[in-house]
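Going down the list, the protein sequences come from chains A and B. Mapping to this note's numbering: the first sequence position 77 is 77, numbers consecutive. To convert, count from 1 in the second sequence and add 1000; that's this note's numbering. Just so it is clear, CB atoms sit at the ideal spot from N, CA and C, and this is done for glycine as well.
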Amino acid sequence: MEITENMKTTEKIACVPTAGDYGIITDMLIQRCLGYKTMPCPPMTKRTLELGARYSPDMICTPFKISLGNFIEAAENGANVIIMLGIVCRLGFFDILQKQILDDLGYDCEMLILFDYLPTVSGEFPTINNMYECLRAINPDLTKEKFYSIFEIMAKVTFDKDYLADFMRRNIAFEVHKGEYEKHYNDYLQEAGNVQSVIEAEEIFAKYKEKIESVAINKPEKPIQIGIIGEIYVVIEPFANCNIEKWLAKRKVEIIRPSDWSSTGVAIWSLPELIKNSGGYVNYNIGSTANDVIAQAHQMMKGGIDGIIHVKPASCSPEITGMSILQNMSRDYNIPIMYLTFDTGTSETGVHTRLEAFYDMVTMKRERD
Amino acid sequence: MKKAYLGVDIGSISTKGVVIDESSNILSDSYLWTLGNPLQAVKNVLNEISQKLDKSYTIVNSGTTGSARRLIGTALGSRVIKNEISAHAIGTLSIVPDVQTILEIGGQDSKIILINNGVIMDYAMNTICAAGTGSFLSSQAKRLDLELEDFAEIALTSENPAKIAARCTVFAESDLVHKAQIGHSKADIVAGLCRAIVLNYLNNVGKGKQIKSPVVFQGGVSKNAAVVKEFEKELKVPVYVDPDGHLMGALGAAVLCKAVKEETPFDFNLTDINFETKGIECSNCPNNCEIICVYKNKNLLDAWGNKCEKGAQKLHSL
């Protein structure tokens, strides 16, 4: 039988919802483990939010709405495989509902899940092996050895990328020539996405580490430090948090943001450690990444940070639980925490007014001390 | 020549202006409704201020605050364009230097500011929900066929305020209807409503914050004596309402001007200049940013609202 143009469209084109700049990592996983092509979701705009909000249940958490908007736009552009992560909280059930909505809208997409959500129900976090099982179910040719060698590279790049991003956040407000950090960082992302071995990843990391660490900065000895904590999706995705990091970076602030894939990825598997670092403020699992957030806040407060901004999507119950604990901590350490809730209708102006007042507050307080 | 500083606070409902001297004494002030037209409201405020102002003073700097601060700040050429939270705190501190807590309930928003030794320590502002603000009170006054101005007087006659759900104004409203239908008197319902406003504020905005005396209460709702009484009952400390409480934001903006070294002489003739604004929707990407262009005598003065360079406005004439 002759192969027609039409039949070629059955080629698998996968898309993963945008979450910060982790696209290179997820692409690596999908391309190398499943052999699928990947397609980045179109850059997020107001339209993404509108589409997501229109077809989502009203009371669902914001990340559901934004990622649904991502999927619809990706499907419009030809993606036919949608990939979701199935762990932690309600997130574990996003895929089923999103698949149903996409079906109802008439998009013929396959939905794949990278972690099985069932173990989460019993209160355990799935293991790396669970991810392997999920992937092997899709691609039976994937051997354990191959998966682990790919996973090793992914993990290495994730840790490296997070190291560079963290270094950049702490210093970007003070760079002498604007834009230098971002240029090196974007170059790194470009190159790191293609590495074939851990050794190659290390070489590229070393190269850019040197470049990024030698960027000229004009940083005072004790700059104002503001911490950003909260629900991980809103923390790492600038579009979901009205780009608060960029706003702060324009104002000579050292941004401390411990949540990223590498640290949170490790933290959710080590609850006893988190509880130890929480200074007695919480003694049991309060769900999702909220324990991590409490531990982060406690470490920051012990270190004498100037102020903390807590961000969460609307209706995020683990973070709401965490907030009441944070209020006690804020009172005990006498360090302010500002709470911001983001939803699809959040006005950027409102967020910026609050940020401005918060920034004024910590700078005036610092001037007095 | 004696130096003076102008502060303007352009809120969603009302526009306030003050002129102060170098010791932060109020020389002239004005308070008018914004009526959906901030530029016109500011012109009216400036006219009123200039009439009341002693001509031996010269305004050397101006500052703006409130939700239209950027628009008006651009039009007036202000040196200080400050968010309302900081401006309110600074204004209040210049009147009550030892204040520790500022409660504020305005037309659309409510906030709490905690101060220690003259420095803001913490603040909170209502985020997604405008429950319990002035606009809720005024819509309920309409429902009960009462003038907002008479609200406090009627409420204070009540000896047995009706219990009204305070968590959310949607429930408060249905509770209110229910209480009326089962036969509670209007005075008891109004008193219950004032109490619900206080409980709602303390549960939503003031939650987890330690409210220490001296407490200053501001914003439009602070003019309601029944709400003040309920606050005092609930907090068990005296609640101070300054007769100039509505001017605190404008005052704060003016006080901040004193610290600006460079002077930008201000001319009241500005009220004769033609300012126009135009909102355009950028169509260069699906973000459809709403860009606001401000024109002074038909020439573009400033534009904002674009998320990226694609929406940047070049200098042009109307």
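Within chain B, the residues whose beta carbon sits less than 8 angstroms from that of A/Arg-331 are Gly-1208, Gln-1210, listed in sequence order. Using a CB distance below 9 angstroms, the part of the segment 1278 to 1295 of chain B facing chain A consists of Cys-1285, Pro-1286, Asn-1287, Asn-1288, Cys-1289, ordered along the chain. If you draw a straight line from the Cα of B/Leu-1176 to the Cα of B/Ala-1152, it comes to about 17 angstroms.
Annotation: Cβ neighbours of B/Tyr-1123 in chain A (cutoff 7 angstroms, chain order): Ala-357, Met-361. The Cβ-Cβ distance between B/Pro-1038 and B/Leu-1071 falls below 8 angstroms.
Distance from the CA atom of A/Leu-51 to the CA atom of A/Ala-75, rounded to whole angstroms, is 12 angstroms. By the 16-neighbour rule on beta-carbons within 10 angstroms, B/Cys-1308 is exposed. Counting the other Cβ atoms within 10 Å of the Cβ of A/Gln-190 gives fewer than 16, which makes it exposed. Residues of the segment 341 to 356 of chain A with a C-beta atom less than 7 angstroms from some C-beta of chain B are Thr-341, Asp-343, Thr-353, Arg-354, Glu-356, listed in chain order. Around the beta carbon of B/Asn-1284, fewer than 16 other beta carbons sit within 10 angstroms, so the residue counts as exposed. B/Asn-1306 and B/Leu-1148 have their C-alpha atoms some 40 angstroms from each other. Taking the Cα positions, B/Lys-1298 is about 20 angstroms away from B/Phe-1268. With a cut-off of 8 angstroms on Cβ pairs, the segment 242 to 257 of chain A is not in contact with the segment 315 to 325 of chain A, counting fewer than three such pairs.
The continuous beta strand (DSSP E) containing B/Ser-1014 extends over residues 1014 to 1020. Judged by DSSP in its simplified three-state form, B/Ala-1004 adopts strand. Under the DSSP assignment, A/Cys-15 falls in the beta strand (DSSP E) whose first and last residues are 13 to 15. The segment 224 to 290 of chain A is shown to contain whole alpha helix (DSSP H) runs of 4 or more residues at 232 to 236, 244 to 249, 261 to 267, 271 to 277, in chain order. The C-beta of A/Lys-46 comes closer than 8 angstroms to at least one C-beta of chain B. Neighbours of B/Val-1119 in chain A, taken as residues at a C-beta separation under 7 angstroms, are given in chain order as Met-364, Lys-365, Arg-368. Within chain B, Met-1121, Asp-1122, Tyr-1123 have C-beta atoms less than 8 angstroms from the C-beta of A/Pro-336, given in sequence order. The beta carbon of B/Val-1099 lies closer than 7 angstroms to those of Thr-1092, Leu-1093, Ile-1115, Pro-1214, Val-1216 in the same chain, with the five residues before and after it left out.
Neighbourhood of B/Ile-1085 in chain A, by CB distance below 9 angstroms: Thr-353, Arg-354, Glu-356, Ala-357, Phe-358, Asp-360, Met-361, in chain order. Residue contact check for A/Gln-327 against chain B: a CB pair falls below 8 angstroms. Here the alpha carbons of B/Pro-1238 and B/Phe-1231 stand approximately 9 angstroms from one another.
Counting along the chain, A/Ala-173 sits inside no beta strand (DSSP E), nor does DSSP assign it H or E at all. Leaving aside the five residues that flank A/Ile-25 on each side, the residues in its chain whose CB is nearer than 8 angstroms to its CB run, in chain order, Met-154, Val-157, Thr-158, Lys-161, Trp-261. Excluding the 5 residues flanking it on each side, A/Gln-100 has no same chain C-beta neighbour closer than 6 angstroms. Shown here for A/Cys-41: same chain residues with a beta carbon closer than 7 angstroms to its own, the five before and five after excluded, namely Cys-15, Pro-17, Thr-18, Asn-70, Glu-73, Ala-74 in chain order. An exposed status is given to A/Pro-140, since fewer than 16 other beta-carbon atoms sit within 10 Å of its beta-carbon.
Taking 8 angstroms as the cut-off, the beta carbon of A/Leu-340 is found closer than this to the beta carbon of A/Val-311. Per DSSP, the beta bridge partners of B/Asn-1116 are B/Val-1119. DSSP places A/Met-84 outside any alpha helix (DSSP H); the residue lies instead in the beta strand (DSSP E), whose first and last residues are 81 to 84.
Check the Cα spacing between A/His-184 and each of A/Arg-32, A/Ser-288, A/Glu-210: the tightest is with A/Glu-210.
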